[in-house]
Amino acid sequence: MSTVMTEAAPARTAGFWKTDDAWAVCIGLALVALAGLLFAGGSSLAWLAVTPPKWTSFGQLAAHFVAASPRYAAQFALWLVLVSGALAALGYRLRRTVPAFALIYALSVVIFAAGQWASAVTYNLEPPLLALAAGLVITNLGLLPRSLDEGFRVEFYIKLGVVLLGATLPFSLLIWAGPVALLQASIVSVVTFGVIFAAARLLGLDPRLASVLGVGGAVCGVSAAIAIAAAVGARRQDAAVVISIVILWAIVMIFALPFAAAGLGLPAGVGGAWIGTSEFADAAGFAAAQAYGGIAAHLPGAPAGAAEQSVAAFTLMKVVGRDVWIGLWALILSVVATLRWEETGITHRAGAGEIWRRFPKFVIGFLLASIAVTLIAQGVGHAAFVKSATPAVVAPLKNLRSWAFAFGFLCIGLTTRVRDLAGIGLRPMAAFSAGVVVNVLLGLALSATVFGAYWAHLGQ
Amino acid sequence: MTARVCAQCRYFKGGAASFEAALPGVASLSSAHAALRAGDGHCTLHDRLVAATSCCPALEPAI
Chain A
1 MSTVMTEAAP ARTAGFWKTD DAWAVCIGLA LVALAGLLFA GGSSLAWLAV TPPKWTSFGQ
61 LAAHFVAASP RYAAQFALWL VLVSGALAAL GYRLRRTVPA FALIYALSVV IFAAGQWASA
121 VTYNLEPPLL ALAAGLVITN LGLLPRSLDE GFRVEFYIKL GVVLLGATLP FSLLIWAGPV
181 ALLQASIVSV VTFGVIFAAA RLLGLDPRLA SVLGVGGAVC GVSAAIAIAA AVGARRQDAA
241 VVISIVILWA IVMIFALPFA AAGLGLPAGV GGAWIGTSEF ADAAGFAAAQ AYGGIAAHLP
301 GAPAGAAEQS VAAFTLMKVV GRDVWIGLWA LILSVVATLR WEETGITHRA GAGEIWRRFP
361 KFVIGFLLAS IAVTLIAQGV GHAAFVKSAT PAVVAPLKNL RSWAFAFGFL CIGLTTRVRD
421 LAGIGLRPMA AFSAGVVVNV LLGLALSATV FGAYWAHLGQ
Chain B
1 MTARVCAQCR YFKGGAASFE AALPGVASLS SAHAALRAGD GHCTLHDRLV AATSCCPALE
61 PAI
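This is the structure:
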């Protein structure tokens, strides 16, 4: 494969409106705008953004659902319209997405309620872990038809959750914490990529496969793997192998990292930063970070807002520190593939435009949501924001974010069919695993010691 | 009509459904609709993933 260093000619690239980034950004920002407008009019989105409360008896929980049934019905209708509309625009059929979403919503209510049980923390019943486990069991027992997969769009729900997450993080926090996240993520990404690539080459693997393995572990998991596989012209089967390895490790890490962080007694922010450094995919990482937030909030001496701190640190590390640089990795590796690796007969026109074309556009929605709520805070003043805007604007958006993430976590399990995954191969697995070990240890050292004080006090 | 880039070639499969079918597991933790895919697809002639803007001597216009 050779690369011509020029700006790519316009081609039949996927239109923006055919990406889940576009609809996640539009829906997320529309909800932020709606919350802002209702607040300006003296009302609130809180009625619609209902979630199950903490409960100690089934009677208490049943009474809540009876009393709040109109709110849940309205919320379901809103989500159904937004989700099915977006998925229809992406080309999915309503007769499949509507029942699929109804199932997701019903399961999410059950999982949300289970996580709110007062004794849930005693049994480690963190909703993200419950959702993932439930989804894996349901789909791998073959209890659902594959046709419902059209509504199980993990990335769409997670990206929507990330945009809504932006509305709960002050823009000043992103500016203050972004550079440190970027520095830590860059160190870990480069080292992890180097270890995986070197190990893969030592084991005799093709350099294109080695590079796809490397970015799968170092940047953003499956998304990075498909982007770099195309940029360097990797074999389809090699990309499939990497995808299988990333999924396997990502699911292991969803369960392993929160409990390892709890075992080490890490503060929520430190645990979130560690997960952001060491998880491979956004969806898996948000599941782990939210689960650890729930665990860390109950650790002795945990500050108020500990649960949010974990998710915030994760987001800064993973989304700001790692994800946004995938285009740069693609550009560099496509040039290296041309100059150093055996030709494939395919010419890739690489240029600086690659960085923007591969930019994860949902991040723009995340930043805009943060700016919008920060402007509201500046407009009403700090005291009024804490007293009135936080419960009327931020809290409902946070609840809606929790729903969007719940849909996504459930869909990870519902779409992961073990028998569908490609054969993994010992050498690719060994190379990737070497990177995982280095990544986890280095990420822990940086999160807990080098930048430990910083992450422990994030946002305080 | 001649094909100048892979996206215009008969061997190029760049639709979301065909992309996810070629790579089982993609939809579990990512998506063929992700903006970062940037129109990439599967070249069924070389059995490789390629960028929409790539090209090769075997390009043939899509029918």
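In order, the protein sequence lines correspond to chains A and B.
Numbering follows the numbering used here, in which position 144 of the first sequence is assigned residue number 144; successive positions increment by one, without gaps.
Numbering follows the numbering used here, in which position 14 of the second sequence is assigned residue number 14; successive positions increment by one, without gaps.
Backbone N, C-alpha and C fix where the C-beta goes; we use that ideal spot for every residue, glycine too.
Counting only beta-carbon atoms, is A:R247 nearer than 9 Å to chain B? Translated into positions along the first sequence, residue 247 of chain A becomes position 247. Note that residue 247 of chain A is Ile in the sequence shown, not Arg. A:I247 has a beta carbon lying within less than 9 Å of a beta carbon in chain B.
Exposed or buried, what is A:Y123 when buried is set at 16 or more other beta-carbons lying within 10 Å of its beta-carbon? Position 123 of the first sequence, counting from 1, holds the residue named residue 123 of chain A. Label assigned to A:Y123: exposed.
Just to confirm, is the Cβ distance from A:F280 to A:G221 under 9 Å? Walking along the first sequence from the start, residue 280 of chain A turns up at place 280. Walking along the first sequence from the start, residue 221 of chain A turns up at place 221. Yes, these two residues count as a Cβ contact at 9 Å.
With distances taken between CB atoms, is the gap from A:G89 to A:W23 smaller than 9 Å? Start at 1 with the first residue of the first sequence, and residue 89 of chain A comes out as number 89. Start at 1 with the first residue of the first sequence, and residue 23 of chain A comes out as number 23. Checking the sequence, you will find Ala at residue 89 of chain A rather than Gly. Yes. Within cutoff.
Give me the Cβ distance between A:L80 and A:I254, rounded to the nearest whole Å; I'm assuming they're in contact under 8 Å. As a first step, residue 80 of chain A must be located in the first sequence, where it is residue number 80. As a first step, residue 254 of chain A must be located in the first sequence, where it is residue number 254. About 28 Å separates the two Cβ atoms, so there is no contact after all.
For B:C9, list the residues DSSP reports as bridge partners. The sequence position of residue 9 of chain B within the second sequence is 9, counting from 1. Answer is B:P61, bridged to B:C9.
With C-beta atoms as the reference, is A:R153 less than 9 Å away from A:D282? Translated into positions along the first sequence, residue 153 of chain A becomes position 153. Translated into positions along the first sequence, residue 282 of chain A becomes position 282. Taking 9 Å as the Cβ cut-off, A:R153 and A:D282 do not qualify as a contacting pair.
Endpoints, the alpha helix (DSSP H) within which B:A16 is located: Residue 16 of chain B sits at position 16 when you count from the first residue of the second sequence. From DSSP, the alpha helix (DSSP H) with B:A16 extends over 16-22.
DSSP bridge partner residues for B:R48 (one or two, in chain order): Working through the second sequence from its first residue, we reach residue 48 of chain B at position 48. Answer is A:R235, B:C43.
Minimum C-alpha distance to A:G161 - residue among A:T415, A:F409, A:I424, A:T416: Taking the first sequence and counting its residues from 1, the one referred to as residue 161 of chain A is at position 161. Selected option, being the one with the closest Cα: A:F409.
Enumerate in chain order the residues of its own chain whose CB-to-CB distance from A:L182 is below 7 Å, with the five nearest sequence positions on each side excluded. Position 182 of the first sequence holds residue 182 of chain A. Around A:L182: V320, G321.
List the residues of chain A that B:P24 touches, going by C-beta distances under 7 Å, in chain order. Looking up residue 24 of chain B in the second sequence gives position 24. A240, D420, L421, A422, listed in chain order.
First through last residue of the beta strand (DSSP E) which encompasses A:A350: Stepping through the first sequence from its first residue, residue 350 of chain A is reached at position 350. A:A350 -> beta strand (DSSP E) spans 347-350.
According to DSSP, residues forming a beta bridge with B:C55: For the purposes of this step, residue 55 of chain B is taken as residue 55 along the second sequence, with counting starting at 1. B:C55 pairs with A:T347.
Within the 9 Å Cβ cut-off, does A:V191 reach chain B? For the purposes of this step, residue 191 of chain A is identified with residue 191 of the first sequence, where counting begins at 1. Chain B, which has no Cβ nearer than 9 Å to the Cβ of A:V191, makes this no.
Endpoints, alpha helix (DSSP H) assigned at A:F359: Position 359 of the first sequence, counting from 1, holds the residue named residue 359 of chain A. No alpha helix (DSSP H) holds A:F359; DSSP gives it neither H nor E.
DSSP on A:E150, reduced to helix/strand/coil? Stepping through the first sequence from its first residue, residue 150 of chain A is reached at position 150. Three-state DSSP puts A:E150 in a helix.
Per-residue burial, A:G36 [other beta carbons within 10 Å of its own, 16 or more giving buried]: Here residue 36 of chain A refers to the residue found at position 36 of the first sequence. A:G36 is buried by the Cβ-count criterion.
Chain A contact for B:T53 (CB, 9 Å cutoff): To locate residue 53 of chain B, count along the second sequence from 1; it is residue 53. With 9 Å as the cut-off, B:T53 counts as an interface residue toward chain A.
Can you tell me which residues form a DSSP beta bridge with A:W55? For this step, residue 55 of chain A is matched to residue 55 along the first sequence. A:W55 is bridged to A:W117.
Looking at the C-beta of B:E60, does it have a partner C-beta in chain A at a distance below 9 Å? Residue mapping note: residue 60 of chain B aligns to position 60 of the second sequence, counting from 1. Closer than 9 Å: no.
Does the Cβ-Cβ distance between A:L173 and A:G459 come in under 9 Å? Within the first sequence, numbered from 1, the residue matching residue 173 of chain A stands at position 173. Within the first sequence, numbered from 1, the residue matching residue 459 of chain A stands at position 459. Against a cut-off of 9 Å, the Cβ pair of A:G459 and A:L173 comes out as a contact.
For A:I158, does the count of other Cβ atoms within 10 angstroms reach 16, so buried, or fall short, so exposed? Along the first sequence, one-based indexing puts residue 158 of chain A at 158. Answer is buried; the Cβ neighbour count reaches 16.
Rounded C-alpha distance that separates A:T472 from A:A430: As displayed, chain A neither begins before 1 nor continues past 460, which places residue 472 of chain A out of reach and without an answer.
Check whether the Cβ of A:T19 lies closer than 9 Å to any Cβ atom in chain B. Translated into positions along the first sequence, residue 19 of chain A becomes position 19. A:T19 counts as touching chain B.
For A:D420, does the three-state DSSP call read helix, strand or coil? Looking up residue 420 of chain A in the first sequence gives position 420. Helix, per DSSP.
Exposed or buried, what is A:P128 when buried is set at 16 or more other beta-carbons lying within 10 Å of its beta-carbon? To locate residue 128 of chain A, count along the first sequence from 1; it is residue 128. Buried.
Give me the chain E residues within the contact set of A:R201, using Cβ-Cβ distance strictly less than 8 Å, ordered along the chain. Looking at the structure shown, chain E is missing, and the protein chains on hand are A and B.
So A:E308 is in the alpha helix (DSSP H); what residue range does that whole segment cover? Reading the first sequence from its first residue, position 308 is the one you call residue 308 of chain A. Here the alpha helix (DSSP H) through A:E308 covers 306-315.
Going along the stretch 291-324 of chain A in order, which residues come within less than 8 Å of chain B, judged by CB to CB distance? Cβ contacts with chain B: none found.
Could you check whether the Cβ of A:M5 sits closer than 9 Å to any Cβ belonging to chain B? The residue labelled residue 5 of chain A in the question sits at position 5 within the first sequence. The pLDDT assigned to A:M5 is 39, lower than 50, so where the model puts this residue is not dependable; a value taken from the coordinates is nonetheless given after this. No, A:M5 does not count as interfacial toward chain B.
If we ignore side chains and look at the alpha-carbon of each, how far apart do B:V26 and A:S334 end up? Here residue 26 of chain B corresponds to residue number 26 of the second sequence, with the count starting at 1. Here residue 334 of chain A corresponds to residue number 334 of the first sequence, with the count starting at 1. Taking the straight line joining both Cα atoms gives about 22 Å.
Let's see if you can read the secondary structure: which residues bound the alpha helix (DSSP H) around A:L441? Translated into the one-based positions of the first sequence, residue 441 of chain A becomes position 441. It spans 426-445 - the alpha helix (DSSP H) in which A:L441 sits, taken as one unbroken run.
State yes or no: is the beta carbon of B:S28 nearer than 9 Å to at least one beta carbon in chain A? One-based indexing of the second sequence puts residue 28 of chain B at position 28. Chain A, which has a Cβ nearer than 9 Å to the Cβ of B:S28, makes this yes.
From A:L426 to A:I251, what distance separates their C-alpha atoms? Numbered from 1 along the first sequence, position 426 holds the residue referred to as residue 426 of chain A. Numbered from 1 along the first sequence, position 251 holds the residue referred to as residue 251 of chain A. Taking the straight line joining both Cα atoms gives about 19 Å.
Using 9 Å as the limit for Cβ to Cβ distance, is A:K361 near chain B? Taking the first residue of the first sequence as 1, we reach residue 361 of chain A at position 361. Cβ-Cβ to chain B under 9 Å: yes for A:K361.
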